[in-house]
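A.B. asks:
Number of protein chains: 4
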Amino acid sequence: MSAVRGALLTAEVEIEIPFQDLDPMQIAWHGNYFRYFEAARVKLLRAIRYDYPEMQASGYSWPLIEAHVRFVQALRYGQLIRVVAGLMEWENRLKLHYLVQDAASGKRLTTGYTIQCAIEVQSGELQLVSPPALLERLKGYI
Amino acid sequence: MSAVRGALLTAEVEIEIPFQDLDPMQIAWHGNYFRYFEAARVKLLRAIRYDYPEMQASGYSWPLIEAHVRFVQALRYGQLIRVVAGLMEWENRLKLHYLVQDAASGKRLTTGYTIQCAIEVQSGELQLVSPPALLERLKGYI
Amino acid sequence: MSAVRGALLTAEVEIEIPFQDLDPMQIAWHGNYFRYFEAARVKLLRAIRYDYPEMQASGYSWPLIEAHVRFVQALRYGQLIRVVAGLMEWENRLKLHYLVQDAASGKRLTTGYTIQCAIEVQSGELQLVSPPALLERLKGYI
Amino acid sequence: MSAVRGALLTAEVEIEIPFQDLDPMQIAWHGNYFRYFEAARVKLLRAIRYDYPEMQASGYSWPLIEAHVRFVQALRYGQLIRVVAGLMEWENRLKLHYLVQDAASGKRLTTGYTIQCAIEVQSGELQLVSPPALLERLKGYI
Chain Y
118 MSAVRGALLT
128 AEVEIEIPFQ
138 DLDPMQIAWH
148 GNYFRYFEAA
158 RVKLLRAIRY
168 DYPEMQASGY
178 SWPLIEAHVR
188 FVQALRYGQL
198 IRVVAGLMEW
208 ENRLKLHYLV
218 QDAASGKRLT
228 TGYTIQCAIE
238 VQSGELQLVS
248 PPALLERLKG
258 YI
Chain C
118 MSAVRGALLT
128 AEVEIEIPFQ
138 DLDPMQIAWH
148 GNYFRYFEAA
158 RVKLLRAIRY
168 DYPEMQASGY
178 SWPLIEAHVR
188 FVQALRYGQL
198 IRVVAGLMEW
208 ENRLKLHYLV
218 QDAASGKRLT
228 TGYTIQCAIE
238 VQSGELQLVS
248 PPALLERLKG
258 YI
Chain H
118 MSAVRGALLT
128 AEVEIEIPFQ
138 DLDPMQIAWH
148 GNYFRYFEAA
158 RVKLLRAIRY
168 DYPEMQASGY
178 SWPLIEAHVR
188 FVQALRYGQL
198 IRVVAGLMEW
208 ENRLKLHYLV
218 QDAASGKRLT
228 TGYTIQCAIE
238 VQSGELQLVS
248 PPALLERLKG
258 YI
Chain R
118 MSAVRGALLT
128 AEVEIEIPFQ
138 DLDPMQIAWH
148 GNYFRYFEAA
158 RVKLLRAIRY
168 DYPEMQASGY
178 SWPLIEAHVR
188 FVQALRYGQL
198 IRVVAGLMEW
208 ENRLKLHYLV
218 QDAASGKRLT
228 TGYTIQCAIE
238 VQSGELQLVS
248 PPALLERLKG
258 YI
């Protein structure tokens, strides 16, 4: 799992590729990969009790500012994939790496990353340092 | 356009079926039809100045309580469709009929309807009669 | 589970409502319900070994010709739902009923149905009687 | 339009952000951006007569191998955006840059790129040099 090597924290989910995610080439249309990444990211954020409801309660939203995907091998109907998310940066922004593997063989199918920044909801101001709401939740891991 | 005959008001949009809406059978996956209906419904609601922002400002949300689709003929890649929305009921709930035609031939491809009810956002209460915010906007048409 | 009462066969799946399915009203956008129905339908079709790959191998496709949804109560972020699909008709067409329940309370949230007809892929001809490929798979249940 | 500076060829489309693309933060969910990019890419590929049906007829598919998005400013309901696609590489692979602007103000909202490689459908072999089917269509531009 070199794609998430060095992660402070990892989380993984298994997803079966559904019919409606496929395009006429019989492979998962690329826009759907963000659904798969999101599932693993949510699992990781829940592990530190900082999922969407808690983000909202903390007064911050965390929109994506950058995303990257490297498609190594196409995903097929009914294929069971394992999506691993790893937390790589947290002090000034939230950077997660993703690894998609075939659940059966462990073969690497996709890698990617996303970067999010905190915005204080009330002021609309972008935060250049991650708010305590996030950092306190990571204390046990750092 | 018998599918919307008797409508108080109609609106139409043209949409080209995009690649990512197709499934491996090379036809638009059925869940996407609500995107097409929505585009025509929004156009109709804008004509009476009661689009989402105005609904929100009026203190009501209008969730769907029922939807129906009859798929007459499949939609193909790049096909240009005309979606007509017609307002059929408004006094107690919002019922719209939809007709999807091939834009070039006028051939009927899909019909359907949606029913929405007003919910007062503050109290969360379902309204059995449509609020004045809607009825006033329809005065010129009734 | 009256919504699927009388079904020849039922299947169920559990789904957690993901963030990207929500709209600005904080509820699952209605077009996503067909994803939930599809998951339960696929499980049912697999139980009789007639999932998409087997449909294709049998020489038939089964496009939807009708769909209906009754939205009883909105779905929220992170809510765990149980989707039950029940096979109601099979001799001339495939009709399934769906019931969406809150997994924790069992409360009924949504009901619906879909109707599919067989089309012989090679000739493109609509079948007025279900092909043996389906009926043979149901022998043990009828 | 520095994001597509140096492009051999550009194409642009205008898109209005629909309700169902928004998330509970009232902004377009990031996975939808690939829909916007795709619309501009298709327009560019049509300009050289190499859209999906022609790709298929040429015996090649062009899956994405890499995608990148930089989200500069969030997209809101009803916002009219202009998506510009520019062809940056074509000899060995297809690389397009994208620029999303607010249609009214011209303000830069998003940039990104996608990279696709040709796969010969019959053999399943990845092509390290773009097939003549693409290069011949670009002759007039090079």
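Top to bottom, those sequences are chains Y, C, H and R. Start counting the first sequence at 118; every next residue gets the next number (our numbering). Start counting the second sequence at 118; every next residue gets the next number (our numbering). Start counting the third sequence at 118; every next residue gets the next number (our numbering). Start counting the fourth sequence at 118; every next residue gets the next number (our numbering). Idealized CB from N, CA, C, for every residue including glycine. A quick note: this is a predicted structure, and the numbers were derived from the prediction, not measured.
1) Quick test of your reading: I165 of chain Y and R225 of chain Y, contact by CB under 8 Å. State the CB separation rounded to the nearest angstrom.
2) Determine, for Q137 of chain R, whether the minimum Cβ-Cβ distance to residues of chain C falls below 8 Å.
3) L161 of chain R to A174 of chain C, Cα distance in whole Å?
4) Between D138 of chain R and the rest of its own chain, which residues show a CB-CB distance below 7 Å, the 5 nearest in sequence each way excluded?
5) Assign I182 of chain H to buried or exposed, taking buried as 16 or more other Cβ atoms, counted over all protein chains shown, within 10 Å of its Cβ.
6) With respect to the beta strand (DSSP E) encompassing V246 of chain R, which residues constitute its N-terminal and C-terminal limits?
7) Starting from the Cα of A156 of chain H, find the closest Cα among Y:Y215, Y:V217, Y:I132, Y:P141 and give me that residue.
8) Any C-beta of chain Y sitting closer than 8 Å to the C-beta of G148 of chain C?
9) Buried or exposed: which applies to I236 of chain R, given that a residue is buried once 16 or more other Cβ atoms fall within 10 Å of its Cβ?
10) Measuring CA to CA, which of Y:T127, Y:H185, Y:Y169, Y:S240 is closest to Y258 of chain Y?
11) Listing by chain order, which chain Y residues have their CB less than 8 Å from the CB of A156 of chain H?
12) Who pairs with L139 of chain H in a beta bridge, going by DSSP?
13) Would R152 of chain H count as contacting chain Y if we go by Cβ distances under 8 Å?
14) If you measure from the beta carbon of V159 of chain R to each beta carbon in chain C, is any gap under 8 Å?
15) Can you give the Cα-Cα distance for V189 of chain C and A250 of chain H, rounded to whole angstroms?
16) Can you tell me whether R261 of chain H is buried or exposed? The criterion is at least 16 other CB atoms within 10 Å of its CB, across all chains shown.
17) Of the residues H:V159, H:D140, H:V186, which one's Cα is nearest the Cα of T227 of chain H?
18) Checking 8 Å against the spacing of the C-beta atoms, do F136 of chain C and G229 of chain C come in under that value?
19) Please go through the same chain and pick out, in chain order, the residues whose beta-carbon is closer than 7 Å to the beta-carbon of S178 of chain Y, but skip the five residues on each side of it.
20) For a test of the three-state rule: what should DSSP assign to V217 of chain H, helix, strand or coil?
21) Based on the DSSP secondary-structure assignment, which residues constitute the bridge partners of K160 of chain H?
22) With distances taken between CB atoms, is the gap from A184 of chain C to R199 of chain C smaller than 8 Å?
23) Could you tell me which chain H residues have their CB closer than 7 Å to the CB of Q190 of chain R, listed as they occur along the chain?
24) Against chain C, does P180 of chain Y count as a neighbour if the rule is that its beta carbon must be under 8 Å from one of theirs?
25) What are the residues that DSSP puts in a beta bridge with L236 of chain Y?
26) Kindly identify the DSSP beta-bridge partner or partners of A191 of chain H.
27) Y194 of chain Y versus chain H: which residues are under 8 Å apart at the beta carbon?
28) Any C-beta of chain Y sitting closer than 8 Å to the C-beta of Q283 of chain C?
29) Can you name the residues that DSSP bridges to Y230 of chain H?
30) Hey, out of Y:G176, Y:L192, Y:V130, whose CA is closest to P180 of chain R's CA?
31) Step through the CB atoms of chain R and report whether any lies within less than 8 Å of the CB of V186 of chain Y.
32) Would you kindly check if the distance between the Cβ of Y215 of chain C and the Cβ of Q143 of chain C is under 8 Å?
33) Of the residues R:P141, R:A124, R:R158, R:I134, which one's Cα is nearest the Cα of Q233 of chain R?
34) Could you check how far apart the C-beta atoms of L125 of chain Y and L204 of chain Y are, in whole angstroms? I think they sit under 8 Å.
C.D. replies: Let me lay it out:
1) On the first sequence, position 48 is the one that residue 165 of chain Y refers to. On the first sequence, position 108 is the one that residue 225 of chain Y refers to. Rounded, the Cβ-Cβ distance is 26 Å, inconsistent with contact.
2) By one-based count along the fourth sequence, residue 137 of chain R stands at place 20. So, interface residue.
3) Here residue 161 of chain R corresponds to residue number 44 of the fourth sequence, with the count starting at 1. Here residue 174 of chain C corresponds to residue number 57 of the second sequence, with the count starting at 1. The alpha-carbon atoms of L161 of chain R and A174 of chain C are separated by roughly 40 Å.
4) Within the fourth sequence, numbered from 1, the residue matching residue 138 of chain R stands at position 21. A145, W146, N149, listed in sequence order.
5) As a first step, residue 182 of chain H is located in the third sequence; it is residue number 65 there, counting from the start. I182 of chain H is buried by the Cβ-count criterion.
6) By 1-based counting over the fourth sequence, the position of residue 246 of chain R is 129. Where V246 of chain R is concerned, there is no enclosing beta strand (DSSP E), given that its DSSP letter is neither H nor E.
7) Residue 156 of chain H sits at position 39 when you count from the first residue of the third sequence. Checking every option, the nearest Cα to that of A156 of chain H belongs to Y:I132.
8) Locating residue 148 of chain C in the second sequence gives position 31, counting from the first residue. So, interface residue.
9) Within the fourth sequence, residue 236 of chain R is the residue found at index 119, counting from 1. Per the 10 Å Cβ criterion, buried.
10) For this step, residue 258 of chain Y is matched to residue 141 along the first sequence. Residue Y:T127 is the option with its Cα nearest to Y258 of chain Y.
11) The residue given as residue 156 of chain H occupies position 39 in the third sequence. The contacting residues are P135.
12) For the purposes of this step, residue 139 of chain H is taken as the residue at position 22 of the third sequence. Answer is H:A145.
13) As a working mapping, residue 152 of chain H is identified with position 35 in the third sequence. R152 of chain H counts as touching chain Y.
14) The residue given as residue 159 of chain R occupies position 42 in the fourth sequence. For V159 of chain R, the answer is yes, since a Cβ of chain C falls inside 8 Å of its Cβ.
15) As a working note, residue 189 of chain C is residue 72 in the second sequence. As a working note, residue 250 of chain H is residue 133 in the third sequence. Their Cα atoms are separated by approximately 24 Å.
16) One cannot answer for residue 261 of chain H here, as it falls past the ends of chain H, which runs 118 to 259.
17) Position 110 of the third sequence, counted from the start, is the residue given in the question as residue 227 of chain H. With distances taken between Cα atoms, T227 of chain H lies closest to H:V186.
18) Taking the first residue of the second sequence as position 1, residue 136 of chain C is located at position 19. Taking the first residue of the second sequence as position 1, residue 229 of chain C is located at position 112. Cβ atoms of F136 of chain C and G229 of chain C: not closer than 8 Å.
19) Residue mapping note: residue 178 of chain Y aligns to position 61 of the first sequence, counting from 1. The residues are M172, I236, V238.
20) Here the question's residue 217 of chain H lines up with position 100 in the third sequence. V217 of chain H falls in the strand class under three-state DSSP.
21) The count along the third sequence starts at 1 and reaches residue 160 of chain H at position 43. Beta-bridge pairing links K160 of chain H to no other residue.
22) One-based indexing of the second sequence puts residue 184 of chain C at position 67. One-based indexing of the second sequence puts residue 199 of chain C at position 82. No, the Cβ-Cβ distance between A184 of chain C and R199 of chain C is not below 8 Å.
23) Counted from its first residue, the fourth sequence places residue 190 of chain R at position 73. None at all; the shortest Cβ gap to chain H is about 18 Å.
24) Locating residue 180 of chain Y in the first sequence gives position 63, counting from the first residue. Judged by the 8 Å Cβ criterion, P180 of chain Y is not in contact with chain C.
25) On the first sequence, residue 236 of chain Y is found 119 positions in, with the first residue counted as 1. Just to set this straight, residue 236 of chain Y is Ile in the shown sequence, not Leu. Beta-bridge pairing links I236 of chain Y to Y:S178, Y:L243.
26) The count along the third sequence starts at 1 and reaches residue 191 of chain H at position 74. None, per the DSSP bridge assignment.
27) Your numbering for residue 194 of chain Y matches position 77 in the first sequence. What Y194 of chain Y touches in chain H: Y169, P170.
28) Because residue 283 of chain C is not part of the residues shown, which for chain C are 118 to 259, the question remains open.
29) Within the third sequence, numbered from 1, the residue matching residue 230 of chain H stands at position 113. Bridge partners of Y230 of chain H: H:H185, H:H214.
30) Looking up residue 180 of chain R in the fourth sequence gives position 63. Selected option, being the one with the closest Cα: Y:L192.
31) Counting from one through the first sequence, the residue named residue 186 of chain Y turns up at place 69. Cβ-Cβ to chain R under 8 Å: yes for V186 of chain Y.
32) Along the second sequence, one-based indexing puts residue 143 of chain C at 26. Along the second sequence, one-based indexing puts residue 215 of chain C at 98. Contact flag unset, no.
33) Taking the fourth sequence and counting its residues from 1, the one referred to as residue 233 of chain R is at position 116. When each option's Cα is compared against that of Q233 of chain R, the closest is R:R158.
34) For the purposes of this step, residue 125 of chain Y is taken as residue 8 along the first sequence, with counting starting at 1. For the purposes of this step, residue 204 of chain Y is taken as residue 87 along the first sequence, with counting starting at 1. Going by Cβ atoms, the distance from L125 of chain Y to L204 of chain Y rounds to 5 Å, so yes, they are a contact pair.
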